[in-house]
Every structure is written in structure tokens, then in C-alpha cells.
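Residue numbers (this note's numbering): 2 to 345.
Accompanying notes for the structure given below.
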Amino acid sequence: MFKEFVAVNLSHQPPYELWEGRLISHAEQVARVANIHDALKRHNPESIVYPEDFQQVPLEVLKQVHLPEYVDYLLSLREKCSEDYWLASSFGYGGGIRRPTEEHGLLGYYSMDSYTPVNNKTTEAALIAASGAYSAALSLEAGNRAAYAVVRPPGHHSGKRNMGGYCYLNNTAIAAHTLSQQGRVGILDVDYHHGNGTFDIFEQNQKQGEAQAVYPISIHADPGRKFPYRSGYEDQAGNDHFKYKNYPLGEGVTDEEYNRVLLKALQDLADYNPDFLVVSMGFDTYGGDPIADFALTTSYYRQMAKEIMDLKLKTLFVQEGGYEIEAIGDNALSLVKGIKEGLK
Ligand code: Q9C
Ligand code: ZN
């Protein structure tokens, strides 16, 4: 069985982001997931689950994945903020910084960039997206072979104690952490950007002394050249207690070039011998993406899904980025066709 958990979150529409000194219209738009939803609805409406039927992600799970203090801060934004969006200007950077008391200072303390605005509706949207990924994870535990959490805002840049890169709660990490209570979990991040938040969460949890039954692998644009600029280099591979793997790539990556790297990553995952696989799925690797520079084609996402499903694991795809709104529905449909072929 295969189900799609869809959260369009109409109320979450940050109007702008501050990019290289300019206010530009925000790339993470409602139309992204609305267009994916339309395509999936035309294809197979009966496999879609909507927020009213999601299992709410428990506060306890959120506080195992993220720093409890960060979760409380996010929840407090519902009362602290108005409809007006805030953007951090002064960032908590490096270690040893004291928690400010002033509200804009506090927002910066929990932020990594000027791309991730908040208002009084942001937290609710992030909770619904996280609940979509959580519900999709539960559906695998209940016996589904595959699921696709079609949610926004995305999650993989949100770390143990930070928002960033359009992300507030790490939907992928919430799903992977949940599944890791039942078995070993491989994480494959195929968004264009390095999944720094996901890596950070499991690395921090391991450092706190909890063994982590997860193995994250990310394929992405070289972080020396592209966001998040801080992690995702090839020589960053974890430690004896917690391993992960990075495959940074140059610009203009084609379907064939990408697939060669994907097959290596899938072999690494097969060697780990997991029970579940969680895929951070970005369509910002698509050739037409306005903020990225890979050259993947719509038909490749079908092949990508088939290669992934060939691992024969219980597999959850979680929507991350992808900003070319004209093609995003076709790209998602191509992926879903590959997933369904892989069910056989
Ligand atoms: N306006 C995800 O794909 N840089 N986040 C934006 C161009 C930030 C991407 C600059 C990119 C964040 C989930
Ligand atoms: Zn991305």
C-alpha cells in the first residue's frame, strides 16, 4: 500500500526573504505544494490523506528531536507574533552565546539566516507539516510499504535548536526518529541543498549519549558554493559512534551523473542494512529551478524512485525543496509513478 499525506498550509505565506541585501519574494510558496497536490489528485485521489486525518505529532517527540527550549520558543510565537512577519537580523553564531531576552535578539538566537520569517501562523503550519511526516511514518509501522509526505514548510535545514532555509521543524528527522524506535533507519537526502539540520539533530542526540539507529546520507551542491555554506563536505563523515556521508556535487549535474552518485549512496545504505528508509525529497535539483543549478529532468524522478524502491525497504518520501512551480506537479507525479512501479 502507498499513501500520500498532503498539507498545503495556505495560511503560511512568508511574503519576502532577505537575499544578498535585497528583499525578494519568498521562494517557498503555497503554489509549490498546491501544484503537487493538484497533480496527485488527478492521478490517484483515493490514496491522499489530509490534515484532519493526521496523527498529531506528540510534544514529547518534538522535544526528543529538537531542543525542548527551542520547541517552547516556537510554540510561544503563536502569542508573541502578529500577522506581520519578522526576520532575524542578528544571529546566534558559534558556541557559548547567552540567550537574549529581547524578542528580535531571541529570534536571531534560534535562526541561521534571513530566509526564514515567522509570524503568528508559522508554528501551526510547521506543526501540521511535522504531523504529516509523523503520520506517514506511522503508516509504515502499520504495514504500508511506501508513503509520501507532501508537506510545507520543509524541514531539513532546521537543526537541534534552529530554524533556517525556510524550515522550522525537521519533518524528516521527526519521521526518522519515530521509525528508529522500531528498527534501523537509513536517511537519504536528495534535496539540492545539504540536509544540515537533519545531520545536526542526530549528531547532537548521539553526543548527548543516546545511540542513534540512523545513517544519514546527503547528495547536494558543494556547500563551499551554495547554501547552507557550513556543512556537507565530503570529508565530514561523523565519528566511531555515529557515521554519516556527504556527496557534494558541482553545477550542471545531469541525470546520468546524478544517477551514478545515487547508486553509490544506495549501496552505502544497503551495507547499513536498515529496516526503513526516509528520503528528504527536493525537486530543486530540477533543471529549471530558479534558485539552483543542477540539470535533472522530469522523467529522471521516476527512475530515481525506482532505484530507491529497489532497496526493497519500507520507504517514506518527505517533501523538502523545489521552487519551479510550473513543473513541480509533473516532477512529483513522475516520482510517484516510479514509487508505484517499485511496489511491485
Ligand atoms: N532566494 C530548501 O530547499 N537560499 N531550502 C535562498 C535564493 C536559501 C532552501 C537564496 C535556500 C534554502 C528546503
Ligand atoms: Zn533545497
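Cβ atoms here follow ideal geometry from the backbone N, Cα and C, with glycine treated the same way.
Looking at the ligand Q9C, does it come within less than 7 Å of residue i, judged from the CB to the closest heavy atom?
| i | result |
| --- | --- |
| Tyr17 | no |
| Trp87 | no |
| Ala28 | yes |
| Tyr167 | yes |
| Tyr230 | no |
| Pro155 | yes |
| Glu204 | no |
| His44 | no |
| Ile25 | yes |
| Tyr135 | no |
| Tyr116 | yes |
| His158 | yes |
| Ile220 | no |
| Ile292 | yes |
With a 10 Å radius around its C-beta and 16 neighbouring C-beta atoms as the bar for buried, classify residue i as buried or exposed.
| i | result |
| --- | --- |
| Ala238 | exposed |
| Ile25 | exposed |
| Ser91 | exposed |
| Asp241 | exposed |
| Thr179 | buried |
| Tyr234 | exposed |
| His158 | buried |
| His67 | buried |
| Asn210 | First, the amino acid is wrong: residue 210 is Gly here, not Asn. Exposed: under 16 other Cβ atoms inside 10 Å. |
| Ala1 | Because the chain spans 2 through 345 in this model, residue 1 falls outside it and cannot be assessed. |
| His105 | exposed |
| Leu344 | exposed |
| Lys208 | exposed |
| Gly251 | exposed |
| Gly253 | exposed |
| Leu355 | Any answer about residue 355 is impossible in this case: the structure gives the chain only from 2 up to 345. |
Could you pull the DSSP bridge partners for residue i from this structure?
| i | result |
| --- | --- |
| Asp190 | Ser219 and Ser281 |
| Thr179 | DSSP, once it has assigned bridges, lists no residue as partnering Thr179. |
| Ile49 | Glu5 |
| Met113 | Note: Met113 sits in no beta bridge, so no partner. |
| Ala147 | Phe3 and Thr316 |
| Tyr287 | Leu297 |
Over the uninterrupted beta strand (DSSP E) stretch that includes residue i, give me the two end residues.
| i | result |
| --- | --- |
| Glu5 | Phe3 to Ala8 |
| Ser26 | Arg23 to Ser26 |
| Tyr17 | Tyr17 to Trp20 |
| Asn171 | No beta strand (DSSP E) holds Asn171; DSSP gives it neither H nor E. |
Over what stretch of residues does the alpha helix (DSSP H) that includes residue i continue unbroken?
| i | result |
| --- | --- |
| Gln304 | Thr299 to Met310 |
| Val254 | Segment: none, Val254 is in no alpha helix (DSSP H) and carries neither H nor E. |
| Leu60 | Leu60 to Val66 |
| Thr316 | From DSSP, Thr316 is part of no alpha helix (DSSP H) but of the beta strand (DSSP E) over Lys315 to Gln320. |
| Pro69 | Pro69 to Lys81 |
| Tyr135 | Thr123 to Glu142 |
| Lys246 | No alpha helix (DSSP H) contains Lys246, which is instead part of the beta strand (DSSP E) from Lys246 to Leu250. |
| Ser335 | Ile329 to Leu344 |
| Thr199 | Asn197 to Lys208 |
Between residue i and residue j, what straight-line distance do the alpha-carbon atoms span, to the nearest angstrom?
| i | j | result |
| --- | --- | --- |
| Leu88 | Arg226 | 24 Å |
| Asp276 | Thr199 | 19 Å |
| Phe368 | Ala150 | With the chain covering only 2 through 345, there is no way to say anything about residue 368. |
| Gly144 | Leu314 | 12 Å |
| Arg153 | Pro52 | 12 Å |
| Arg43 | Ile37 | 10 Å |
| Ser335 | Thr299 | 7 Å |
| Asn206 | Ala174 | 11 Å |
| Phe295 | Pro16 | 26 Å |
| Asp285 | Glu125 | 25 Å |
| Ile202 | Tyr301 | 30 Å |
| Arg185 | Leu263 | 20 Å |
| Asp73 | Asp256 | 42 Å |
| Thr176 | Gly97 | The identity of residue 176 in the sequence shown is Ala, whereas the question assumes Thr. Rounded to the nearest angstrom, the two C-alpha atoms are 30 Å apart. |
| Gly322 | Met282 | 7 Å |
| Tyr193 | Ser136 | 25 Å |
| Pro101 | Glu29 | 29 Å |
| Gln183 | Ala131 | 19 Å |
| Lys307 | Asp272 | 19 Å |
Consider the C-beta atom of residue i and the heavy atoms of the ligand ZN; say whether any pair is separated by less than 7 Å.
| i | result |
| --- | --- |
| Gly289 | no |
| Asp192 | yes |
| Gly283 | yes |
| Gly322 | yes |
If we cut at 8 Å on Cβ distances, does residue i have a partner in chain D?
| i | result |
| --- | --- |
| Lys265 | Given the protein chain composition of this structure (a single chain), no chain D is represented. |
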